[in-house]
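Participant: I have a structure here, written as structure tokens, and I will follow up with some questions on it.
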Amino acid sequence: MVYAVVSFVVNKTSTLWTPRIFQRYGKKQRSWQIERYKKICAHNLRNLRQDESWQLFCKKAFQHFNADEELNILGREMVQKCNDLPLAIIVLGGILSRKRPQEWHVVRDHLWQHLRADSIEIHFLLALSFNALPYQLKQCFLYLGLFPEDSEMEIEKLIHLFVAEGFIPEVQNHVMEDVAKDYLDELINRSLVQVGRRSWGRIQTCRVHDLLRDLAIEKAKELSLLYIYGDITPVMSSCPRQAIYSTRD
């Protein structure tokens with residue numbers, strides 16, 4: 002069985018070559034084409050059902066303890082305000098997974114103060130998750146904003162970068178690279194970083210959702226930690242970390 006993803010198809014004629022890829026593989030073949038234009042091909046994804054949203058939340062929120070009736074009620078109240086958005090649900094679950102049961106009320110009350118159209122505002126929820134991070138984890142997360150959008154980042158490379166940048170404190174009887182790996186694992190557990198490619202059960206690459214990358218850039222700029230240049234080059238910044246991207250085709 003062969004699977005392929007064809008991205009950034011801009012017209013119908015450019016899809017004609019796709020079947021040729023599979024000629025040598027016979028009938029057992031599948032392909033997906035990711036288009037930017039609805040006129041070419043449209044597949045509208047449905048929203049999660051309520052039971053699917055709840056199952057997704059439970060996988061994240063109840064990793065370290067079992068839910069009692071009170072937490073089930075609180076959890077369902079908050080999940081219902083997520084508009085069945087997977088990112089909002091898993092980030093909320095990541096926040097609550099690190100909270101003691103009695104702290105769930107505090108989180109719920111805090112979210113209720115920032116509802117928009119009777120729904121949890123996604124940007125506020127992401128910022129809440131970031132603010133709950135320890136200082137060292139905040140530095141590591143903000144650093145990921147340097148990478149271009151939709152980047153697939155190698156775990157081993159990030160580990161060495163975190164150590165080289167001075168984000169990892171020296172811990173007695175611990176190798177700094179191991180501590181850096183623990184930091185990345187924690188960001189993944191909190192749903193601030195997504196798992197990319199795996200090999201033999203081990204995570205090889207990771208990526209950051211576009212909205213979370215925007216948050217990392219926004220917070221890093223507020224703290225003057227990074228500056229990103231686009232096609233129009235401004236006056237050079239004094240930020241300690243800078244990135245230069247081109248948006249031209």
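Per this note's numbering, the sequence shown starts with residue 2, numbered consecutively.
Backbone N, C-alpha and C define an ideal beta-carbon position, used for all residues, glycine too.
If you're wondering where the values come from, they're calculated on a predicted model, not measured in any experiment.
(1) With distances taken from CA atoms, which of Glu78, Ser200 and Ser130 is nearest Glu155?
(2) Kindly indicate which residue of Val92, Ile121 and Met79 has the alpha-carbon position closest to the one of His106.
(3) Is Arg77 helix, strand or coil when you go by DSSP?
(4) Would you kindly work out how many angstroms separate the C-alpha atoms of Asn190 and Leu213, rounded to a whole number?
(5) Taking buried to mean at least 16 other C-beta atoms within 10 Å of its own C-beta, is Ala269 buried or exposed?
(6) In this structure, what does DSSP give as the bridge partners for Leu116?
(7) Are the beta-carbon atoms belonging to Val92 and Ser152 less than 8 Å from one another?
(8) What number of angstroms, rounded off, separates the C-alpha of Gln51 from the C-alpha of Leu185?
(9) What three-state label does DSSP hand Ile204 in the structure shown?
(10) Could you tell me which residues DSSP pairs with Val176 in its beta bridges?
(11) What span of residues does the alpha helix (DSSP H) with Gln51 cover, start to end?
(12) Give the C-beta separation of Arg99 and Ala68 to the nearest angstrom, bearing in mind that I take them to be a contact with Cβ-Cβ under 8 Å.
(13) Count Cβ pairs between the region 114–128 and the region 170–185 that sit closer than 8 Å; are there 3 or more?
(14) Have a look at Asn48 and Leu86 and give me their C-alpha separation to the nearest angstrom.
(15) With 16 other CB atoms within 10 Å as the buried threshold, where does Arg208 fall?
(16) Quick one: using the 10 Å Cβ neighbour count with 16 as the cut-off for buried, is Leu116 buried or exposed?
(17) May I ask you to report which of helix, strand or coil DSSP gives Leu138?
(18) Apart from the five residues on each side of it in sequence, which residues of its chain come closer than 7 Å, Cβ to Cβ, to Ala62?
(19) When you compare the CB positions of Leu226 and Leu188, do they come within less than 8 Å of one another, or not?
Facilitator: Looking at the atomic coordinates:
(1) Nearest of Glu78, Ser200 and Ser130 to Glu155, Cα basis: Ser200.
(2) Met79
(3) Helix, per DSSP.
(4) One C-alpha to the other measures close to 14 Å.
(5) Residue 269 is absent from the structure shown; the chain starts at 2 and stops at 250.
(6) Ile121
(7) No; because the gap between Cβ atoms is not below 8 Å, this pair is not in contact.
(8) 30 Å
(9) strand
(10) Answer is none; Val176 lacks a bridge partner.
(11) Gln51 to Ala62
(12) Rounded, the Cβ-Cβ distance is 15 Å, inconsistent with contact.
(13) no
(14) 7 Å
(15) Burial check for Arg208: the Cβ neighbour count within 10 Å reaches 16 or more, so the residue is buried.
(16) exposed
(17) helix
(18) Gly76, Gly94, Leu97 and Ser98, listed in sequence order.
(19) no
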